[in-house]
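What follows is a single structure, written as structure tokens, with notes after it.
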Amino acid sequence: MKLKEINKSDLISRDLSWLNFNYRVLDQVKNDNRNLLDRLKFLSIVSSNFDEFFEVRVGSLYNYIDSKKNRIDYSGMRENPFREYLLDNSKVFFDDFNSFFSNSIIPLMEKEKIFIGDLDLLDKDGIKKVKKYFKKTIFPMITPMVFDSLHSFPILMNKVLIFGVVTKSKKTSSKSKISFIQIPQNIPRFFEYKIDSKIYFIPIENIIRKYIKTFFQGILIVSVSLFRIIRNGDYTLEESEDIESNFLEELKQKLKDRKFSRVVRLDVLNNYDKNVIKELQKIFKIDDFNLMKLSKNSFLDLSSIFQVVNYNEFSELLPKYPSPIKPFDLNEIHEKSIFQILSEKDIFLHHPYNSFDPVIKLLKEAAEDPDVLSIKITLYRTAKNSRVIDELLKAAENGKHVSVLFEVKARFDEENNFKNGYKLEKAGCYVIYGIGSLKTHTKLLLIVRREGKKVRNYAHMGTGNYNETTSKLYTDIGLMTSNKSYTKDALKFFNVITGHSIPDDYENLLTAPNYMKDKIISFIEKEIKNVKNGGIGKICIKINSLQDKTVINKLYDASNVGVKICLIVRGICCLRPDRKNLSENIQVISIVGDYLEHSRLYYFHNNNDPLIFSGSADVMIRSYKRRIESLFKINDEFIKKQVITILNYNLRDNMNSYVLQEDGSYKKKEFKKNNKFNIFEEFYSLNSEKIDDSIIL
């Protein structure tokens, strides 16, 4: 199917849209205004995103193909033709970012006296050190695995560099055999060596290739091929009533199975043995569509380039971002108790422009305060050395009742969440490991505190994880409050999560999987009604992804009656804007830049009495049907103005914004020399005088 035929559909393919997002990240690598290390950082992200795309989206597609289930993509294509089209487009992207690294980034690195290459770049002392490193460290860790009539095909690990070595006895009549060498992931990717002002990064595979005969003494090496496989990382769980015995065991089994799941991509370095690759394709049941070939000057797995970025002497060369600004009207944040502040006012946080410290401060005071009775929290992804976990452990040790819903189905963080969950359990916390087949994605914290003869509740609701590391890298929204209308809802919602309760009378929460989608649609319908009655209809939504067909069709209905709609969608967007008689009143932009845009905001004009919500949910089928999600209403008038200003700034940005075209492509916003507006700079200078309450549409 040709692109022209795909564009006939009123919806954009989810998978093609995700691939298009990766191009926008690649633009950051190609941006000459970024310094070298910043571009290398984004290159690492591009490579990592591309791997995840195959693990999740291509993996999901193969779940249908392998089980012979029908699947019609939003583009209108059936599963097998779409596989070929998607993988063809993926190859183009793979070639694009790898060739840009080889042809453009490597020369820039060498200009800065940073070299990646073979051992012949080194002096005699460097070669001597490499040889010693191989002998003492690498050689003892590696185990060659032969594959022949007496040895079954070995388990080859996901995203690991692997040598396929063809050998044969020196006897002329002997048959050749294939052996596999998997490079352990706990060995650094590069051997680092410095000569004067020059720094050399020698890929580990180049060292092993140099001394590969050490593993095959007394026999002939016919060929050496370097490759890497990507396995399906998408899995589903059967919902079980017996969560303790069945759900956790099933999840553990799924994690084991993921290590041996079907291969969806095979990357090979140039000068490979064609017979070896054909044998791998036969074993993995893949064809040339799944085969990604690298040129000579590149190397496998560019995500590992992050080791270069993190080289200790380069720390001063990384971009410096301003220090976080204080939340508005909160100069006393460090002097007063957080409970005292929240008893007087709400705290609105916009990360990373506002620090995550107030949230840590809230947990720290809660852990130490003798009047705090209990802490309830949902955890999805936490930092490596998490201060959040530390404070929860401290709270449990101090006799608080600590309830933690630790979502162990957070993709690729499952094992880490199991580990932290067990640690919390041992400390005396009440830990729940998810709710059956539903993912608990909501971000919610509730603290119960005794104040005199009364009990008062304090809550934090947000769009991002309780992760102090990513709070410096992702834009997110948080609301801290002791307002009863919020804390009462939070308490009810925790009862839903941890118990067996289905309330339908939340005052300020929209929740999934039961009510959120219907509420969102009703707000859109109200804008439609207002326009039909001669009024104004406006909608502005900022999210990560837009895929739910029902909501998209309702937005099309709104556009057709004259509702003005602005969508700020960072990644996947299946809505097709600016199509005649369908979406002429809809504009879609994507912002990709210094920080990962992660906050979700929903604005409905509502006859000039705006309804504004924030929270954890995107407009996705999974958000409405397969996740426990929440959106919280913004009630405070000044906080409403802050949120509207955030939306205004996003719409005004012309340095990091891409406009989605009717054909599914994205076009970078243009700016005039004296009219630059960069949100990643402007938010740091935001003050109360710049706060506005009129949304731009």
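Residue numbers for the sequence shown follow the working numbering, beginning at 240 and rising by one.
C-beta: ideal position from N, C-alpha, C; glycine also.
Using a 10 Å radius around the Cβ and a threshold of 16 neighbouring Cβ atoms, would you call residue 783 buried or exposed? For the purposes of this step, residue 783 is taken as the residue at position 544 of the sequence shown. The residue is buried, with at least 16 neighbouring Cβ atoms inside 10 Å.
Between residue 698 and residue 720, is the Cβ-Cβ spacing less than 8 Å? One-based indexing of the sequence shown puts residue 698 at position 459. One-based indexing of the sequence shown puts residue 720 at position 481. Yes, the Cβ-Cβ distance between residue 698 and residue 720 is below 8 Å.
C-alpha gap between residue 406 and residue 382, whole angstroms: Position 167 of the sequence shown, counting from 1, holds the residue named residue 406. Position 143 of the sequence shown, counting from 1, holds the residue named residue 382. Going from the Cα of residue 406 to the Cα of residue 382 covers about 16 Å.
Measure the CB-CB distance between residue 286 and residue 541 and report whether it falls below 8 Å. Position 47 of the sequence shown, counted from the start, is the residue given in the question as residue 286. Position 302 of the sequence shown, counted from the start, is the residue given in the question as residue 541. Cβ atoms of residue 286 and residue 541: closer than 8 Å.
DSSP beta-bridge partners of residue 617: As a working note, residue 617 is residue 378 in the sequence shown. Paired residue(s): 644.
Buried or exposed by the 16-neighbour rule on C-beta atoms within 10 Å, applied to residue 609: By 1-based counting over the sequence shown, the position of residue 609 is 370. Answer is exposed; the Cβ neighbour count stays below 16.
Is it buried or exposed, residue 394, if we count other Cβ atoms within 10 angstroms and call 16 or more buried? Residue numbering aside, residue 394 sits at position 155 when the sequence shown is read from its first letter. Exposed: under 16 other Cβ atoms inside 10 Å.
Near residue 482, which residues of its chain fall below 7 Å by C-beta distance, leaving aside the five closest residues on each side in sequence? Residue mapping note: residue 482 aligns to position 243 of the sequence shown, counting from 1. Unreliable positioning characterises residue 482 in this predicted model, as indicated by a pLDDT of 43, which lies under 50. The coordinate reading is nonetheless provided below. Answer for residue 482: 675, listed in chain order.
Using three-state DSSP, classify residue 705 as helix, strand or coil. In the sequence shown, counting from the first residue as 1, residue 705 sits at position 466. Reduced to three states, the DSSP call for residue 705 is coil.
Going by C-alpha distance, which of 368, 819, 619 and 811 is nearest residue 673? Taking the sequence shown and counting its residues from 1, one reaches residue 673 at position 434. The residue with the shortest Cα to Cα distance from residue 673 is 619.
Three-state secondary structure (DSSP) at residue 246? As a first step, residue 246 is located in the sequence shown; it is residue number 7 there, counting from the start. Coil at residue 246, not helix or strand.
Checking 8 Å against the spacing of the C-beta atoms, do residue 741 and residue 753 come in under that value? Along the sequence shown, read from residue 1 onward, the residue named residue 741 stands at position 502. Along the sequence shown, read from residue 1 onward, the residue named residue 753 stands at position 514. Taking 8 Å as the Cβ cut-off, residue 741 and residue 753 qualify as a contacting pair.
Proximal residues to residue 616 (C-beta, below 6 Å), its chain only, five neighbours per side dropped: Sequence index remark: in the sequence shown, residue 616 carries index 377 (1-based). Once the five neighbours on either side are set aside, the close Cβ partners of residue 616 are 643 and 684.
Burial state of residue 484, where buried means 16 or more other Cβ atoms lie within 10 Å: Position 245 of the sequence shown holds residue 484. Only weak support exists for where residue 484 lies, its pLDDT of 47 falling under 50; the coordinates are left without a value.
Judging by CA-CA distance, which residue of 534, 507 and 498 is the nearest neighbour of residue 402? Residue 402 sits at position 163 when you count from the first residue of the sequence shown. Residue 507 is the option with its Cα nearest to residue 402.
Whole angstroms are fine: how far does the CA of residue 775 sit from the CA of residue 591? Reading the sequence shown from its first residue, position 352 is the one you call residue 591. Reading the sequence shown from its first residue, position 536 is the one you call residue 775. Straight-line Cα distance between these residues: approximately 34 Å.
Just curious, the beta strand (DSSP E) that residue 294 is in, first and last residue? In the sequence shown, counting from the first residue as 1, residue 294 sits at position 55. That residue, residue 294, is in no beta strand (DSSP E); it is neither H nor E in DSSP.
Out of 324, 926 and 727, point me to the one whose CA is closest to residue 695's CA. Taking the sequence shown and counting its residues from 1, the one referred to as residue 695 is at position 456. Closest option to residue 695, Cα to Cα, is 727.
Closer than 7 Å by C-beta to residue 796: which residues in its own chain qualify, once you throw out the five before and the five after it? Chain order, please. For the purposes of this step, residue 796 is taken as the residue at position 557 of the sequence shown. Only 767 meet the Cβ criterion.
Are the beta-carbon atoms belonging to residue 396 and residue 418 less than 8 Å from one another? As a working note, residue 396 is residue 157 in the sequence shown. As a working note, residue 418 is residue 179 in the sequence shown. Against a cut-off of 8 Å, the Cβ pair of residue 418 and residue 396 comes out as no contact.
Rounded to a whole number of angstroms, what is the C-alpha to C-alpha distance between residue 706 and residue 623? Within the sequence shown, the letter at position 467 stands for residue 706. Within the sequence shown, the letter at position 384 stands for residue 623. Their Cα atoms are separated by approximately 9 Å.
For residue 470, which residues does DSSP report across the bridge? In the sequence shown, counting from the first residue as 1, residue 470 sits at position 231. In the DSSP output, where bridge partners are listed per residue, residue 470 has 502.
Assuming residue 354 and residue 360 are in contact, meaning their beta carbons sit under 8 Å apart, how far apart are those beta carbons, in whole angstroms? The residue given as residue 354 occupies position 115 in the sequence shown. The residue given as residue 360 occupies position 121 in the sequence shown. Correct: roughly 6 Å between the Cβ atoms.
Please report how far the alpha carbon of residue 479 lies from the alpha carbon of residue 654, in whole angstroms. Locating residue 479 in the sequence shown gives position 240, where the first residue counts as 1. Locating residue 654 in the sequence shown gives position 415, where the first residue counts as 1. Model confidence at residue 479 stands at a pLDDT of 40, short of 50, so the residue's coordinates are unreliable and nothing is read from them.
Go ahead and pull the three-state DSSP assignment for residue 657. Indexing the sequence shown from 1 puts residue 657 at position 418. Residue 657 falls in the helix class under three-state DSSP.
Assuming residue 826 is part of the beta strand (DSSP E), what are its boundary residues? Here the question's residue 826 lines up with position 587 in the sequence shown. 825-830 is the span of the beta strand (DSSP E), which, as asked, contains residue 826.
For the segment 844-926, which segments carrying the beta strand (DSSP E) assignment without a break, of at least 3 residues, lie completely within its bounds, in sequence order? 850-854, 866-872, 896-899 and 905-907
Using only CA atoms, which one of 919, 825, 848 and 569 lies nearest to residue 713? Within the sequence shown, the letter at position 474 stands for residue 713. Of 919, 825, 848 and 569, the residue nearest in Cα terms is 919.
What is the DSSP secondary structure of residue 929, reduced to helix, strand or coil? Here the question's residue 929 lines up with position 690 in the sequence shown. Correct three-state label for residue 929: helix.
Going along the chain, which residues of its own chain have a beta-carbon closer than 8 Å to the beta-carbon of residue 328, five neighbours each way excluded? Walking along the sequence shown from the start, residue 328 turns up at place 89. So the list reads 255 and 258, once near-sequence residues are dropped.
With three or more beta-carbon pairs closer than 8 Å as the criterion, would you say the segment 784-791 touches the segment 831-845? no
Please name the residue or residues paired with residue 714 in a DSSP beta bridge. On the sequence shown, position 475 is the one that residue 714 refers to. In DSSP, residue 714 forms a bridge with 836.
Do residue 731 and residue 745 come within 8 Å of each other at the CB atom, strictly closer than that value? Here residue 745 refers to the residue found at position 506 when the sequence shown is read from its first residue. Here residue 731 refers to the residue found at position 492 when the sequence shown is read from its first residue. Cβ distance < 8 Å, so residue 745 and residue 731 count as in contact.
Exposed unless 16 or more other CB atoms sit within 10 angstroms - verdict on residue 390: Within the sequence shown, numbered from 1, the residue matching residue 390 stands at position 151. Counting Cβ neighbours within 10 Å, residue 390 comes out exposed, since fewer than 16 surround it.
Please tell me whether residue 812 and residue 800 are closer than 8 Å, where the distance is taken between their beta carbons. One-based indexing of the sequence shown puts residue 812 at position 573. One-based indexing of the sequence shown puts residue 800 at position 561. The answer is no: Cβ separation not under 8 Å.
Can you tell me which of the three DSSP states residue 372 falls into? Counted from its first residue, the sequence shown places residue 372 at position 133. Residue state, collapsed to three classes: helix.
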